[in-house]
Amino acid sequence: MLSRYSNKRAPSNLTPTQRLGLREIRDFCRRGEIKISISDKGGEFVVISRELDMAISEHHLEDATVYCPSSPEEIRKQYLHLNKGAWKLRGQLD
């Protein structure tokens, strides 16, 4: 019974204008012109131009009080420190 319907495509609930808009958004994404994501603070849906996204990211990375160059050794050291803390926390939860 189900096999009879498995090959049938469900009818679209989008209007032709909405389908065209969706196709255009997909094209913009494919060409790398826009970025679609969820904001990390409020969880809102965000559509932003790639240029503006890069400018915002570069501006944040210029803040030397938060970001600085790192080395593979420093990354390894921090990884080991965080991993040790995670195992210690896990032991407290068991």
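Residue numbers (the numbering used here): 974 to 1067. Heads up, the beta-carbon is just placed ideally off N, CA and C, and yes, glycines get one too. Keep in mind that this is a model prediction, so the values were computed, not measured.
Taking 7 Å as the cut-off, the Cβ atoms of Val1020 and Ile1009 count as close. Per DSSP, reduced to three states, the secondary structure at Lys1008 is strand. Residue pairing of Ser1022 in beta bridges, as defined by DSSP: Ile1007.
Taking the Cβ atoms as the reference, Phe1001 lies roughly 18 Å from Ile1011, outside the contact range of under 8 Å.
Approximately 20 Å separates the beta-carbon atoms of Glu1006 and Arg992; this is outside 8 Å, ruling out the contact.
Boundaries of the alpha helix (DSSP H) around Gly1064: Pro1045 to Leu1066. Separation of Leu1025 and Gly994 (C-alpha to C-alpha, rounded to the nearest whole angstrom) is 22 Å.
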